[in-house]
Structure formats: structure tokens, C-alpha cells
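Undergrad: For the record, the sequence lines run as chains A and B. No gaps in the numbering here: position 413 of the first sequence is 422 in the working numbering, and each next residue is one more. No gaps in the numbering here: position 223 of the second sequence is 225 in the working numbering, and each next residue is one more. Don't be surprised by glycine CBs; every beta carbon is placed ideally from N, CA and C.
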Amino acid sequence: MWKQCVGALASALTEQQLNTWIRPLQPVEDGNGAVRLLAPNRFVVDWVKAHCLDRIRSWWAEHGGTREVYLEVGSRRRPTPAVITSGDGEPKAGAPQLFGSRLNAAFTFETFVEGKSNQLARAAAMQVGQNPGTAYNPLFIYGGVGLGKTHLMHAIGNAILSRDANAKVAYVHSERFVGDMVRGLQHNTINEFKRTYRSLDTLLIDDIQFFAGKERSQEEFFHTFNALLEGQRQIVLTCDRYPKEVSGLEERLKSRFGWGLTVAIEPPELETSVAILMSKAAAEGEQLPEEVAFFIAQRIRSNVRELEGALRRVIANARFTGQPITLEFAKEALRDLLALQDKLVTVENIQKTVASYFKIRVSDLLSKRRSRSIARPRQIAMALAKELTTHSLPEIGDLFGGRDHTTVLHACRRVKELRETETRVAEDYNNLLRTLTS
Amino acid sequence: MPPREERGRDRLPAQLALPLTLEAHAAFDTLVDGQNAAAIAHVRSLADSRAGLVWVWGGHGCGKSHLLQAACRAADAAGKRTMYLPLARTDIVPEALAGLDALDFLALDDLEHRAGRPEWEHALFDVLNAYLVGGRSLVMAASAPPGAVGFRMPDLESRAAAAAVYRLHALDDDDQVEALRRHARGRGLELDPAAARFLQSRVTRDMAALCAWLHRLDTAALAAQRRITIPFIRASLEAPPEPSD
Numbered sequence: 010m011w012k013q014c015v016g017a018l019a020s021a022l023t024e025q026q027l028n029t030w031i032r033p034l035q036p037v038e039d040g041n042g043a044v045r046l047l048a049p050n051r052f053v054v055d056w057v058k059a060h061c062l063d064r065i066r067s068w069w070a071e072h073g074g075t076r077e078v079y080l081e082v083g084s085r086r087r088p089t090p091a092v093i094t095s096g097d098g099e100p101k102a103g104a105p106q107l108f109g110s111r112l113n114a115a116f117t118f119e120t121f122v123e124g125k126s127n128q129l130a131r132a133a134a135m136q137v138g139q140n141p142g143t144a145y146n147p148l149f150i151y152g153g154v155g156l157g158k159t160h161l162m163h164a165i166g167n168a169i170l171s172r173d174a175n176a177k178v179a180y181v182h183s184e185r186f187v188g189d190m191v192r193g194l195q196h197n198t199i200n201e202f203k204r205t206y207r208s209l210d211t212l213l214i215d216d217i218q219f220f221a222g223k224e225r226s227q228e229e230f231f232h233t234f235n236a237l238l239e240g241q242r243q244i245v246l247t248c249d250r251y252p253k254e255v256s257g258l259e260e261r262l263k264s265r266f267g268w269g270l271t272v273a274i275e276p277p278e279l280e281t282s283v284a285i286l287m288s289k290a291a292a293e294g295e296q297l298p299e300e301v302a303f304f305i306a307q308r309i310r311s312n313v314r315e316l317e318g319a320l321r322r323v324i325a326n327a328r329f330t331g332q333p334i335t336l337e338f339a340k341e342a343l344r345d346l347l348a349l350q351d352k353l354v355t356v357e358n359i360q361k362t363v364a365s366y367f368k369i370r371v372s373d374l375l376s377k378r379r380s381r382s383i384a385r386p387r388q389i390a391m392a393l394a395k396e397l398t399t400h401s402l403p404e405i406g407d408l409f410g411g412r413d414h415t416t417v418l419h420a421c422r423r424v425k426e427l428r429e430t431e432t433r434v435a436e437d438y439n440n441l442l443r444t445l446t447s
Numbered sequence: 003m004p005p006r007e008e009r010g011r012d013r014l015p016a017q018l019a020l021p022l023t024l025e026a027h028a029a030f031d032t033l034v035d036g037q038n039a040a041a042i043a044h045v046r047s048l049a050d051s052r053a054g055l056v057w058v059w060g061g062h063g064c065g066k067s068h069l070l071q072a073a074c075r076a077a078d079a080a081g082k083r084t085m086y087l088p089l090a091r092t093d094i095v096p097e098a099l100a101g102l103d104a105l106d107f108l109a110l111d112d113l114e115h116r117a118g119r120p121e122w123e124h125a126l127f128d129v130l131n132a133y134l135v136g137g138r139s140l141v142m143a144a145s146a147p148p149g150a151v152g153f154r155m156p157d158l159e160s161r162a163a164a165a166a167v168y169r170l171h172a173l174d175d176d177d178q179v180e181a182l183r184r185h186a187r188g189r190g191l192e193l194d195p196a197a198a199r200f201l202q203s204r205v206t207r208d209m210a211a212l213c214a215w216l217h218r219l220d221t222a223a224l225a226a227q228r229r230i231t232i233p234f235i236r237a238s239l240e241a242p243p244e245p246s247d
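So, in C-alpha cells, the structure goes:
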């Protein structure tokens, strides 16, 4: 009957209005003859009430139904971020009904591809998954976007729940923590909020850099943190940078974050990227030839999420066209994605990015100055130009103030050595690489 | 859609003012693949059966909104709870993104209009996190790819980049004519290829503009009880524009 009602509304509304306001509604009969239309949020409720609820009621009554049609916010299916589960989409029988987001069942330690860039973080996370509350508490995982922090966090949650289905595990994005707290304050349910959070066995809290500058949330989180730690409950935190480097975060929180173990995840090296691609393709039931994996990994260097995005496209194209995935096929499938990257990475762009990163001027990079504060960024910029563009060494030399190609060659060798021996140089180089290719 | 004559008989004068524009026929039937076959097939598979994330981008009139609305219509027909949210509309506020994780298929259009605005980026971030868990589909459209749309939150940009990103290309002349004829068929009228080319060569050559013209011509032809022929198009082009569609 609802379908027919929507059909009738179609004559009075545009397709856009139907798609925006009517199709999200879910009809539910309440058993007393009345019909409740469930909307995803208050915004939809208000629009439908103002524009077509009367029409819906009239139609329903004219077609032998009730005029009692109500609108409210809700869903027949429980919205995903309302339960904690072991990851199969529905809570296990008897599992505590709490809050937070659903754990992704696909994010386990088995599906996490290990490489030099992440092995310490993975090992620590596995320890925590096996011995929550005792191994490393809190476990603080930090690193750039899209490198696998959330994957490890979900893997910890899944591991804990696989050993004890009744464990109270909550995976919460810090934005959500803030939102829940604000709602608690608004609706006078802050005590319930505190009780719920403090009753957990394991709290997995993602992207804590979002706490920066939010003093009230930090205060609340500080007390939650203390309560959980005192009760030997496990806390796992992720952040996009080292805790001390998060500005706008209280010192007492920063200090507490360092009480357990702090581990970094670095961008994956080429071989790990290849392994990640092959593993993800296998999970999709596709065989990805190694040369294709190398091609994608070489061209998309910024982070794992972009690798996934590219792989999704190649697989979707292969399924759509029925063609096998070959190197030529992948090149064609990713043509515009790669063209975009090629367009972005020019020597000029590299020079600008490097100069801005080291807080010097582009003209310094092109000058004859040989002081360390200029020469090192210049060498790094040259090495990046060699890695990210197709320019020859003489061309790169020309673009750096008319230098000889042997200077470029020396710079590339020197940067390679320094990346292996000096962490700071390796970090700078990786940060720049990520910025330029994202 | 009933044949043209039948529609003419059934329509009451008041109904002539109904807001039938491009989106009234935004279905997969009226979409022409052009160079976008892979993107269309991917989005269609999400509407029909699969779950996943897609980001389509391209210039004005390349068919982003059409694709998203066609997908919503198809997802609805497949029994999915679906929603299309055009973020360029000024009456849509960040709160409109709350609770959207209850949907099976969500289409977010015009993302470039909200990129760079913290309250919107936080709301979008919540939506993306919910859909990244899997099991449902999110199709996003913008004028640029995730890395260039102007997001300030690196986490949001990174999560958006996990989608399969496609550039939508504007249709070439032949495909545009074919698309226009399909739109006409969706309205129950047969548009001669020569008439379609005549129109195409005289107005802005993007599908949004062509469809707006088709709507005007259809309305005028119905009122005048005429067929849409080259002379009729010529006369209509010379006539002053209607106050609004």
C-alpha cells in the first residue's frame, strides 16, 4: 500500500523530492490500525509534515486505510551504530547491548598485512587482543591517515569478542564520544553516559586528535580514562600524530596516553602495498597478477585507502566487462585516476611543497646556497622529483637552477642513505611523498 | 509512461504546471553510457545488489545528478531504503545527515558545496565512517575527486578516497542526441534525430540545459497540440523564455 501511495505522490512531487524526502520513509503498522512512517532524522520529518503529510493521510483514508498516519524518527532495522557486536552485523544472543559503532568483521589480524612499516603496531595489538587490560594499557597507535590504525583497533575488538562473546567492547570514534556527551548534557542523561562508558571492559577510541580544543569532552574523557584504567579495563587509542604533538590537548591527558605503549604505523613500503593489494583482491575473490599489484602500488603511494579505492575500480571494471585483469586492463581502468596524479606531481609542485614544508623559499632551493638548512631540502626535492616524475636527471638539474645531472644523482643517493640512517629524514621524506601523491 | 496522446487527454490544465524537469526522467533507461559505462555499471550494481562506495566527479552537466537519482530509483525498486541528498540546496543543513546510517542506499550530491566547512565535514565524516563498515552503499558526487574537492579534514579526504573514484565525462554530440531522444521517449514523445540535432546546435550543449529545453518544448507543444519539429523548435527558440520552469 505504501508503494501505491508513493506512486500517487509521484504525480505531485519531482523525482528529486521523492528521492530526498519520501523514499527514506519506512512504513510500520503499529497493530492498532495506525501507520507510523519512520524517517531517518528530524529534518525529513519536518519537511514531510510541512509538505505532504496531509496528502498522505488523505490518500491512505481514500484507499480503505486509516487516516492515522504518524511521522517519527526511527528505523525498523536497528541503525548500525547503536549496538556492539562481534562483527557479523547482529548482536550475539546474550551479548550486552551497548553503544558505539559496529566492528567490521573483515578487520582481523589475519587480514592485516604485515610489513616493516606496521609490524610493531600489529604485534602490540595482538598482545592486547589476547590479554586485554594487562598487556599494554593504554595502547596508543599513531600514524597518518589510511594506514591501518582503525583496522588494528577493530582487530583487537574482534579478537577480544572471539574469546569472550560477552565482553563489553565499544568501538567509538572520538567525534561520537563528543556528540554523545553533548547529547547527554542536553537531555540531562550525562550520568547514564558516564555509567555506560565506565562499565566497559574495553574501550576502543579512534582519532583522538578530534578532542583537541574541546575542553569539556577532554575533562569527561579524562575521568572515563582513569576509571577504566583503575579497573584494569583495556583502552586503545588512535591518533594521527604522536600524543605530545597534538595541540589543544591537555597535558594530563597527553601524559596518561604515554603510560602504556605508544606505537607508530608508517606508510607501507612498496612490497607491503603489493601484498595488501593482493590480499584485498583475494578477499574479493579475485586473482590479482603480481605485475598489476606492483603497477598500482607504484602509482598510488599516499595511503592504503587510496590503494583500496583503485583496486575497487579495477575489480568492478573487470566484472562489468568480463575481461581478465591484466596490466593493460588496469592501466586503462585507472587512466583518469592516474592522469590526475600525473598532473599534480610536477617539479614545480614538488619545489613548492618542499619549500613550504621546510619553511624556506622556492628561490632558496634554486639558489647556489649550500648551507645545510637549504641543501638538505634541495636534495630531498631532487630525490622526490626523480621518484615522482618522468623527467630525466639532466632535466631535473636544469629545473633546480641549472645544476649538473651528477648533482641530482648525488642528491638521490645521499637521500637514500639518510632515509636508512636518520629517522627524521625518513619521516620528512615520507610525509612529503604522501602530501604530493594524495 | 503512457503514449503522448493519452497523456494529453488525461492531463488537466492545472497539471501542466507540474514541475517535470530533468529528474522526472532520471532513470537508468534514459542514461547513455558514453565514456562512462564502467561508472554507471558500478553504481547500478550497488543499487541492485552489491554494497560499496563510489565517488563520481565531473563538470556541470556530465550526468552526476542523473546517475545518482537513477540509482536511488533503482535501489528503491529493489526494496532498499534509499535517499538522495543534493547538498547544493541551501535549505539542507548538516542535521539532515543525522541517522542516515539507517538507510541501505545513500546518494550524496554536490559535495563540493560543503567541503571546507567544519560542521559539514564532521557530519560527512560520521556518515562515511558508518558506511565504511560495509553492508550498505554510499554513492557520492562532486565536481572534483576526493583529493581536490577542498576537504579540510585529512581523515575525511582519506576515507572518501577508499571509494571507487570515477570521472564522469560529458557525452559527445552523438551520445547527447541519443540521450535527448531517450528523455523525450520517457515523456512519451518521439523526437526526430534531426530535430534533436537542430536543438543541440542552438542551445547550451550540456544535458541539463538540453533537458530543460526539452521540458519547455514538450509543454509548449502539448499546449499548442503540435509535434516537436524543427520549425516548431525554431519558433520556440525565438519566443521569449517562460518566466520559470
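What do you get for histidine 68 of chain B, buried or exposed, if any count of 16 or more other CB atoms within 10 angstroms of its CB means buried?
TA: Here residue 68 of chain B corresponds to residue number 66 of the second sequence, with the count starting at 1. Classification for histidine 68 of chain B: buried.
Undergrad: By how many angstroms is the C-alpha of glycine 166 of chain A removed from the C-alpha of alanine 102 of chain A?
TA: Translated into positions along the first sequence, residue 102 of chain A becomes position 93. Translated into positions along the first sequence, residue 166 of chain A becomes position 157. The predicted model places alanine 102 of chain A with a pLDDT of 34, which falls under 50 and marks its position as unreliable; any figure quoted below should be read in that light. Roughly 18 angstroms separates the two Cα atoms.
Undergrad: When you compare only the Cα positions, how much space is there between threonine 159 of chain A and alanine 115 of chain A?
TA: As a position in the first sequence, residue 159 of chain A is number 150, starting the count at 1. As a position in the first sequence, residue 115 of chain A is number 106, starting the count at 1. C-alpha of threonine 159 of chain A to C-alpha of alanine 115 of chain A: approximately 12 angstroms in a straight line.
Undergrad: By the 9 angstroms beta-carbon criterion, what residues does the stretch 34 to 59 of chain A contribute toward chain B?
TA: Listed by position, the residues of the stretch 34 to 59 of chain A near chain B (Cβ gap below 9 angstroms) are Leu34, Gln35, Leu47, Ala48, Pro49, Asn50, Arg51, Phe52, Val53, Trp56.
Undergrad: Using a Cβ-Cβ cutoff of less than 7 angstroms, which residues in the same chain neighbour leucine 193 of chain B once the five nearest sequence positions on both sides are dropped?
TA: As a working note, residue 193 of chain B is residue 191 in the second sequence. Here the set comprises Leu182, Arg183, Ala186, Ile230.
Undergrad: Is any beta-carbon of chain B found at less than 8 angstroms from that of histidine 477 of chain A?
TA: Any question about residue 477 of chain A goes unanswered here, given that chain A covers just 10 to 447.
Undergrad: Strictly below 8 angstroms CB to CB, what residues from chain B border valine 82 of chain A?
TA: The sequence position of residue 82 of chain A within the first sequence is 73, counting from 1. The contacting residues are Gly101.
Undergrad: If we ignore side chains and look at the alpha-carbon of each, how far apart do valine 313 of chain A and proline 277 of chain A end up?
TA: Locating residue 313 of chain A in the first sequence gives position 304, where the first residue counts as 1. Locating residue 277 of chain A in the first sequence gives position 268, where the first residue counts as 1. In a straight line, the C-alpha of valine 313 of chain A is about 8 angstroms away from that of proline 277 of chain A.
Undergrad: Is leucine 182 of chain B close to chain A, meaning its C-beta is less than 8 angstroms from at least one C-beta of that chain?
TA: The residue you call residue 182 of chain B lines up with position 180 of the second sequence. Among the residues facing chain A, leucine 182 of chain B is not included, as its CB has no counterpart in that chain under 8 angstroms away.
Undergrad: Around the C-beta of glutamate 229 of chain A, are 16 or more other C-beta atoms found within 10 angstroms, so that it is buried, or is it exposed?
TA: Sequence index remark: in the first sequence, residue 229 of chain A carries index 220 (1-based). Under this definition glutamate 229 of chain A is a buried residue.
Undergrad: Applying the criterion that 16 or more other CB atoms from any shown protein chain within 10 Å of the CB defines a buried residue, is glycine 73 of chain A buried or exposed?
TA: By one-based count along the first sequence, residue 73 of chain A stands at place 64. Burial call: exposed.
Undergrad: Give me the chain A residues within the contact set of methionine 85 of chain B, using Cβ-Cβ distance strictly less than 9 angstroms, ordered along the chain.
TA: Position 83 of the second sequence, counting from 1, holds the residue named residue 85 of chain B. Residues of chain A passing the Cβ test: Asn28, Thr29, Trp30, Arg32, Pro33, Pro49, Val53.
Undergrad: Which residues in the same chain as arginine 250 of chain A place their Cβ atom closer than 8 angstroms to its Cβ, once the five residues preceding and following it in sequence are excluded?
TA: In the first sequence, residue 250 of chain A corresponds to position 241, counting from 1. Excluding positions up to five away in sequence, the list reads Tyr151, Gln218.
Undergrad: In or out: threonine 117 of chain A buried (at least 16 other Cβ within 10 Å) or exposed?
TA: Your numbering for residue 117 of chain A matches position 108 in the first sequence. Under this definition threonine 117 of chain A is a buried residue.
Undergrad: Provide the residue span of the beta strand (DSSP E) that contains tryptophan 268 of chain A, from first to last.
TA: Numbered from 1 along the first sequence, position 259 holds the residue referred to as residue 268 of chain A. Per DSSP, tryptophan 268 of chain A lies in no beta strand (DSSP E) segment and is marked neither H nor E.
Undergrad: CB-CB under 8 angstroms to leucine 158 of chain B, same chain, minus the five flanking residues each way: which ones, in chain order?
TA: Position 156 of the second sequence, counted from the start, is the residue given in the question as residue 158 of chain B. Correct list, in chain order: Glu123, Leu126, Phe127, Leu130.
Undergrad: Please confirm whether glutamate 275 of chain A has its beta-carbon closer than 8 angstroms to some beta-carbon of chain B.
TA: For the purposes of this step, residue 275 of chain A is taken as residue 266 along the first sequence, with counting starting at 1. Answer no: the Cβ-Cβ gap between glutamate 275 of chain A and chain B never drops below 8 angstroms.
Undergrad: Check whether the Cβ of aspartate 78 of chain B lies closer than 8 angstroms to any Cβ atom in chain A.
TA: Locating residue 78 of chain B in the second sequence gives position 76, where the first residue counts as 1. The beta carbon of aspartate 78 of chain B sits closer than 8 angstroms to some beta carbon of chain A.
Undergrad: For the stretch 13 to 25 of chain A, enumerate the residues whose C-beta is nearer than 7 angstroms to any C-beta of chain B, in chain order.
TA: Thr23, Glu24, Gln25
Undergrad: Apart from the five residues on each side of it in sequence, which residues of its chain come closer than 7 angstroms, Cβ to Cβ, to glutamate 300 of chain A?
TA: Numbered from its first residue, the first sequence carries residue 300 of chain A at position 291. Leu336.
Undergrad: Is DSSP giving leucine 193 of chain B helix, strand or coil here?
TA: Against the second sequence, residue 193 of chain B aligns to sequence position 191. Looking at leucine 193 of chain B - three-state DSSP - the assignment turns out to be coil, as it is neither helix nor strand.
Undergrad: Could you spell out the range, first to last residue, of the beta strand (DSSP E) harbouring glutamate 81 of chain A?
TA: Translated into positions along the first sequence, residue 81 of chain A becomes position 72. In the DSSP assignment, glutamate 81 of chain A falls within the beta strand (DSSP E) that extends over 78 to 82.
Undergrad: Strictly under 8 angstroms for the Cβ-Cβ distance: is valine 154 of chain A near chain C by that measure?
TA: The structure shown contains no chain C; its protein chains are A and B.
Undergrad: CA-CA distance, leucine 402 of chain A and lysine 340 of chain A?
TA: Walking along the first sequence from the start, residue 402 of chain A turns up at place 393. Walking along the first sequence from the start, residue 340 of chain A turns up at place 331. Distance between the alpha carbons of leucine 402 of chain A and lysine 340 of chain A: 26 angstroms.
Undergrad: Give the range of the beta strand (DSSP E) segment to which phenylalanine 107 of chain B is assigned.
TA: Working through the second sequence from its first residue, we reach residue 107 of chain B at position 105. It spans 107 to 111 - the beta strand (DSSP E) in which phenylalanine 107 of chain B sits, taken as one unbroken run.
Undergrad: If you draw a straight line from the C-alpha of methionine 155 of chain B to the C-alpha of alanine 221 of chain A, how long is it?
TA: Here residue 155 of chain B refers to the residue found at position 153 when the second sequence is read from its first residue. Here residue 221 of chain A refers to the residue found at position 212 when the first sequence is read from its first residue. If you draw a straight line from the Cα of methionine 155 of chain B to the Cα of alanine 221 of chain A, it comes to about 14 angstroms.
Undergrad: With a CB to CB cut of under 7 angstroms and the five nearest residues on each side skipped, what residues in its chain are close to cysteine 14 of chain A?
TA: Indexing the first sequence from 1 puts residue 14 of chain A at position 5. Closer than 7 angstroms at the Cβ level, and outside the excluded window around cysteine 14 of chain A, lie Ile65, Trp68, Trp69.
Undergrad: Going straight from the alpha carbon of isoleucine 232 of chain B to that of leucine 70 of chain B, what length do you get?
TA: For the purposes of this step, residue 232 of chain B is taken as residue 230 along the second sequence, with counting starting at 1. For the purposes of this step, residue 70 of chain B is taken as residue 68 along the second sequence, with counting starting at 1. Those two C-alpha atoms are separated by around 32 angstroms.
Undergrad: Quick check: what's the CA-CA separation for arginine 172 of chain A versus glutamine 136 of chain A?
TA: Locating residue 172 of chain A in the first sequence gives position 163, where the first residue counts as 1. Locating residue 136 of chain A in the first sequence gives position 127, where the first residue counts as 1. Distance between the alpha carbons of arginine 172 of chain A and glutamine 136 of chain A: 13 angstroms.
Undergrad: Using a C-beta cutoff of 8 angstroms, does arginine 207 of chain B count as contacting chain A?
TA: By one-based count along the second sequence, residue 207 of chain B stands at place 205. Chain A, which has no Cβ nearer than 8 angstroms to the Cβ of arginine 207 of chain B, makes this no.
Undergrad: Taking 8 angstroms as the CB-CB limit, is histidine 217 of chain B close to chain A?
TA: The sequence position of residue 217 of chain B within the second sequence is 215, counting from 1. Answer no: the Cβ-Cβ gap between histidine 217 of chain B and chain A never drops below 8 angstroms.
Undergrad: Using 8 angstroms as the threshold, is the stretch 94 to 104 of chain B in touch with the stretch 55 to 65 of chain B, meaning 3 or more CB pairs across them?
TA: no
Undergrad: What do you reckon, are the CB atoms on threonine 444 of chain A and threonine 362 of chain A nearer than 8 angstroms?
TA: In the first sequence, the residue the question calls residue 444 of chain A occupies position 435. In the first sequence, the residue the question calls residue 362 of chain A occupies position 353. Yes.
Undergrad: May I ask you to report which of helix, strand or coil DSSP gives glycine 96 of chain A?
TA: Along the first sequence, read from residue 1 onward, the residue named residue 96 of chain A stands at position 87. Any reading at glycine 96 of chain A must be qualified, since the residue scores a pLDDT of 36, below 50, and its modelled position is unreliable; no value is offered.
Undergrad: Could you pull out every unbroken alpha helix (DSSP H) segment of at least 4 residues lying fully inside the stretch 305 to 352 of chain A, listed in chain order?
TA: 313 to 330, 336 to 342
Undergrad: Over the uninterrupted beta strand (DSSP E) stretch that includes glycine 60 of chain B, give me the two end residues.
TA: Along the second sequence, one-based indexing puts residue 60 of chain B at 58. Premise fails: glycine 60 of chain B is in no beta strand (DSSP E) and is neither H nor E.
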